[in-house]
Structure formats: C-alpha cells, structure tokens
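Participant: What follows is a structure written as structure tokens; I'll ask about it next.
Numbering (the numbering used here), first residue to last: 17 to 267.
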C-alpha cells in the first residue's frame with residue numbers, strides 16, 4: 017500500500033515491469049506518455065528507458081513484478097507498436113489477481129519446481145495483459161471511427177453550401193483519406209462525396225417546394241458549381257429536372 021507521497025523514478029532498469037492496481041489510483045509516465053492506472057487496470061512498461069510511477073490517490077495498492085527474457089521484447093513491440101504504453105482493463109480481475117499471487121508464491125519457493133511454475137504463470141500473465149491491451153485498442157479504434165464519421169457528417173451539414181472536398185472533410189481527422197472513405201462507406205452506406213451530393217439535393221428539394229427561388233439561385237445556395245451541374249445531379253438522383261420536380265409537387 018503506497019501513500020499519497022509515493023514516487024519511483026528511474027532513468028533505466030534492466031527489466032520490464034508489470035503494474036496492476038488493486039485499489040486507488042496511480043500515475044505512470046514513460047517518455048512523453050502519462051497514463052492513469054485505475055482499479056483493475058494493468059500496464060507493462062519497458063524500464064530500459066526513463067520512467068516513473070507514483071500515487072495519485074490517498075492510498076494506492078498495487079502489485080509490481082519485474083521480469084525479462086528473450087521473448088519479451090518482440091511481444092512488447094507488437095503490443096505497443098508506437099512505443100506509447102496504455103493501461104488495459106483486466107475484465108476477469110479475480111482470476112488475474114490469483115495468477116499474480118501464484119507468481120509471488122512461486123518466487124518465494126526458490127527452487128527448480130518453483131521456477132518452472134513461475135515461468136508458466138508469468139507467461140500467462142504477460143499474454144493476458146498484451147491481449148487486453150490489443151482488445152482495448154480495437155474498441156478504441158471502433159469508437160474513434162464512429163466519432164470521425166459523425167464529425168464529417170456534421171462538417172457536411174454546416175458547410176454543404178461551400179465548395180468542399182473530401183480533403184476538407186478530413187482535415188482534422190488523423191487517418192488517411194483511403195482508410196476514412198472505407199470507414200465512412202461502411203458506416204453510412206455511401207462515400208463521403210456521395211453523401212455530400214445527396215445532402216445538397218435534399219436541401220434543393222426543400223427550396224424547390226417551399227420557395228419561388230430560381231434554379232440558378234438554388235444551385236448556388238446548395239453548393240453546386242453551376243446551374244447545369246446542379247440540373248445534371250438532380251436528374252441523376254430524382255429522374256427529373258428541378259423545374260419538373262417543382263411543377264409535379266405543386267400539382
């Protein structure tokens with residue numbers, strides 16, 4: 017149990033370190049990355065680089081295990097490909113804590129049988145944390161993807177009357193245009209540019225039904241390059257020209 021003043025800070029240590037919070041909260045920093053290690057969360061850090069961890073609650077109860085081995089670095093690099101660590105929620109916390117306690121007991125035996133059990137349990141623990149991190153990343157990516165799509169839809173709704181491109185839509189989204197178009201199409205059933213065109217057409221329909229504005233005025237207000245471009249898109253989407261649509265609606 018660490019009190020509110022607890023702090024460990026090192027430039028380097030020849031090991032990797034597993035930290036797991038039993039209660040309270042701690043803060044972990046590696047390089048420029050700072051994370052909060054909350055209840056039932058675990059993290060693995062590479063102690064060969066500068067790092068620190070400290071209590072950020074009145075009492076922080078945690079388990080720490082230093083470990084190493086030839087297979088650790090490759091797995092660590094796959095789990096944290098960017099080098100920025102993140103905490104993982106251990107969903108089956110009781111089982112995970114039982115494994116941690118088994119490692120502590122194995123280490124106390126100080127004999128060959130204990131070392132064999134220790135190696136087996138440590139391997140399971142390491143894999144469990146790595147898998148939890150990767151699973152959390154999948155959830156985070158899915159969540160971020162949905163947020164990105166919503167952000168672009170809002171951008172279109174606010175800027176449809178301007179001459180905008182897909183590059184404009186994704187200016188504040190940190191993903192390639194190719195990947196975003198795939199995400200958007202999977203979520204909305206159409207490409208971003210087609211969604212923009214459909215939105216403009218629907219706006220023009222409203223204006224054709226509710227105002228006496230000319231076709232050229234509506235084309236400009238709805239963001240089309242010129243009147244002929246508007247008429248062409250309108251006919252492609254509705255099967256008729258704008259004035260024909262207005263006439264049929266009036267009738």
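Ideal Cβ placement from N, Cα and C applies to all residues, glycine included.
Under 9 Å, do residue 70 and residue 25 count as touching if we go by C-beta distance?
Facilitator: Yes, Cβ-Cβ distance for residue 70 and residue 25 is below 9 Å.
Participant: Quick one: grab the DSSP three-state call for residue 119.
Facilitator: helix
Participant: Tell me whether residue 258 is buried or exposed, calling it buried when 16 or more other Cβ atoms sit within 10 Å of its Cβ.
Facilitator: buried
Participant: Confirm, please, whether the CB-CB distance from residue 76 to residue 47 is below 9 Å.
Facilitator: No; because the gap between Cβ atoms is not below 9 Å, this pair is not in contact.
Participant: Would you call the CB atoms of residue 35 and residue 72 closer than 9 Å?
Facilitator: no
Participant: Helix, strand or coil for residue 244, going by three-state DSSP, please let me know.
Facilitator: helix
Participant: Here's the rule: buried if 16 or more other CB atoms are within 10 angstroms of the residue's CB, otherwise exposed. What is residue 199?
Facilitator: buried
Participant: Can you list, in chain order, the residues of its chain whose CB lies under 7 Å from that of residue 22, leaving out five sequence neighbours each side?
Facilitator: Correct list, in chain order: 70, 71, 76.
Participant: Between the beta-carbon of residue 51 and the beta-carbon of residue 88, is there less than 9 Å?
Facilitator: no
Participant: Does the Cβ of residue 177 have 16 or more other Cβ atoms within 10 Å, making it buried, or fewer, making it exposed?
Facilitator: exposed
Participant: Just the C-alpha distance for residue 210 and residue 136, rounded to the nearest angstrom, thanks.
Facilitator: 55 Å
Participant: In the structure shown, what three-state DSSP assignment does residue 56 receive?
Facilitator: coil
Participant: State the Cα-Cα distance for the pair residue 189 and residue 207, rounded to the nearest angstrom.
Facilitator: 16 Å
Participant: Less than 9 Å between the beta carbons of residue 18 and residue 56, yes or no?
Facilitator: No, the Cβ-Cβ distance between residue 18 and residue 56 is not below 9 Å.
Participant: Would you mind giving the Cβ-Cβ distance between residue 212 and residue 261, rounded to the nearest angstrom? I have them listed as a contact below 8 Å.
Facilitator: So it is not a contact: roughly 20 Å between Cβ atoms.
Participant: Near residue 66, which residues of its chain fall below 6 Å by C-beta distance, leaving aside the five closest residues on each side in sequence?
Facilitator: 27
Participant: Give me the Cα-Cα distance between residue 256 and residue 216, rounded to the nearest whole angstrom.
Facilitator: 16 Å
Participant: So, is residue 103 buried or exposed, given that buried needs 16 or more other C-beta atoms within 10 angstroms?
Facilitator: buried
Participant: What ranges does the beta strand (DSSP E) occupy inside the segment 24–81, keeping only unbroken runs of at least 3 residues that lie completely in it?
Facilitator: 32–39, 42–46, 49–53, 57–62, 67–71
Participant: Taking only three categories from DSSP, how would you classify residue 235?
Facilitator: helix
Participant: Relative to the alpha-carbon of residue 172, which residue among 219, 140, 195, 192 has its alpha-carbon at the smallest distance?
Facilitator: 219
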